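Here the sequence shown is numbered in the UniProt record's numbering, starting from 1 and rising by one per residue.
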Amino acid sequence: MESLSSALSFTGSIKLSHGLLLFAISAGANMLPAVVKLCCGISYPHLRSMAGLQRAALAAFGQEIAHLQSRGQISHPAWSPLRWTRHKESEKTDPAEQRTAALANEDVFYLRQGEEALNEALDIVESKDGWKLEMAETNGDVIYSKVLRGNRKVFRLEAELDASPEELHDILFVRLEEMHEWNPNIRRIRVLKHVGRNTMVTHEVSAETAGNLIGQRDFLSIRHSLKSESCVYLGGAATQLESLPPQQEFVRAEDGPTCIILQPLQDRPDRSHFIWLLNMDVKGWLPQSLVNKALPRAQVDFTKHLRRRLATQNPENRR
Ligand SMILES: CC(C)CCC[C@@H](C)[C@H]1CC[C@H]2[C@@H]3CC=C4C[C@@H](O)CC[C@]4(C)[C@H]3CC[C@]12C
Numbered sequence: 001m002e003s004l005s006s007a008l009s010f011t012g013s014i015k016l017s018h019g020l021l022l023f024a025i026s027a028g029a030n031m032l033p034a035v036v037k038l039c040c041g042i043s044y045p046h047l048r049s050m051a052g053l054q055r056a057a058l059a060a061f062g063q064e065i066a067h068l069q070s071r072g073q074i075s076h077p078a079w080s081p082l083r084w085t086r087h088k089e090s091e092k093t094d095p096a097e098q099r100t101a102a103l104a105n106e107d108v109f110y111l112r113q114g115e116e117a118l119n120e121a122l123d124i125v126e127s128k129d130g131w132k133l134e135m136a137e138t139n140g141d142v143i144y145s146k147v148l149r150g151n152r153k154v155f156r157l158e159a160e161l162d163a164s165p166e167e168l169h170d171i172l173f174v175r176l177e178e179m180h181e182w183n184p185n186i187r188r189i190r191v192l193k194h195v196g197r198n199t200m201v202t203h204e205v206s207a208e209t210a211g212n213l214i215g216q217r218d219f220l221s222i223r224h225s226l227k228s229e230s231c232v233y234l235g236g237a238a239t240q241l242e243s244l245p246p247q248q249e250f251v252r253a254e255d256g257p258t259c260i261i262l263q264p265l266q267d268r269p270d271r272s273h274f275i276w277l278l279n280m281d282v283k284g285w286l287p288q289s290l291v292n293k294a295l296p297r298a299q300v301d302f303t304k305h306l307r308r309r310l311a312t313q314n315p316e317n318r319r
């Protein structure tokens, strides 16, 4: 980590909105408390007006970064005032040091991407208007759809599952690589990169037969999980990784921004309300009507296989 005393010498200009005052401050290390206060003063009103979940997300994000910092995995993120140093990253002469700095920035990039994916997906899921009932299954599962700007149709499945949010988090996030064992629509899933405990870059390959007429796809995604009080949120979106560009053998599709919300039932905390936003660009040249039929079908299938997986885990809960 950079040492603070050498770190803090910056010249910034602050333009006061009500006047034409433009002045420069030159802050030495002894002015650190004042600088921190200044930054907090700027951000505090935003924090106050934030919704509960956003605040939890911010706190979790902060913790994640602190966790990585304490393990020496990252230096200060680009937006941190503690990073305004006299020495630019590029001026570092030691190549090993340069490499560590680049890695650190990459981790922060993925952390933020995961966060953003979840927030964007939650905004879509929680939006009030435009939802249309797409299908209602006899077991109570429902799928709503909505057309977003750009003519993208997204699907929101709601179901009740026989497992706590914690158990589902374990199956859907922690043991993601085992998904092909219980879901025949998935050929394989690999975690290519972990960033802290709650964010990862994953590569997913669907089975040849998964989308019926759609054909096999691969996905490269950022996956992020967040726990707040009793709920668990899983977010994801398409991302890039230098070491895994689109492959010849697959059409690379894009999943997200997408999310899953796992919420315990009020009277039965061992059961969960499951909300899944499917927001997928399957790519390739396919009639939109075909895609819009295959996607809700894929959601129904997924839920069916997930239920079977849960039933093998708790045979006494089978209904
Ligand atoms: C319609 C055709 C092209 C695709 C069919 C397979 C679909 C349904 C598969 C392919 C990749 C899969 C996703 C892979 C990874 C995750 C992350 C996990 O935390 C929740 C489930 C979720 C989000 C899967 C949902 C189902 C999924 C989207």
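We put the beta carbon where it would ideally sit given N, CA and C, even for glycine. Since the model is a prediction, treat every value here as computed from it, not as a measurement.
Considering residue i, what are the terminal residues of the alpha helix (DSSP H) in which it resides?
i	result
V291	288-313
W182	179-182
Are the beta-carbon atoms belonging to residue i and residue j less than 7 Å from one another?
i	j	result
T199	H224	yes
A117	G236	yes
L262	S272	yes
R188	V205	yes
A159	T303	yes
V232	G284	no
E134	P257	no
T239	I222	yes
I143	P296	yes
N183	A210	no
L122	W276	no
D107	V195	yes
K193	N292	no
F155	Q299	yes
P165	P264	yes
List the endpoints of the continuous beta strand (DSSP E) containing residue i.
i	result
P264	258-264
L277	272-278
L161	153-161
L168	Not the beta strand (DSSP E): L168 falls in the alpha helix (DSSP H), residues 165-169.
I214	It is not in any beta strand (DSSP E) - I214 carries neither H nor E in the DSSP assignment.
V174	Unbroken run through V174: none, as it is neither H nor E.
V147	142-147
R188	186-195
G236	231-238
V201	199-206
L133	132-136
For the putative contact between residue i and residue j, defined by C-beta atoms under 8 Å, what is the C-beta separation to the nearest angstrom?
i	j	result
D270	A253	The pair is not a contact, with the Cβ atoms about 35 Å apart (cut-off 8 Å).
L161	L310	6 Å
E208	Q216	5 Å
I171	A294	Wrong, their Cβ atoms sit about 24 Å apart, outside the cutoff.
L241	L220	6 Å
K146	K132	7 Å
Please tell me whether residue i has its Cβ less than 7 Å away from any Cβ of chain C.
i	result
M135	Judged by its chain identifiers, the structure shown contains no chain C, having just a single protein chain.
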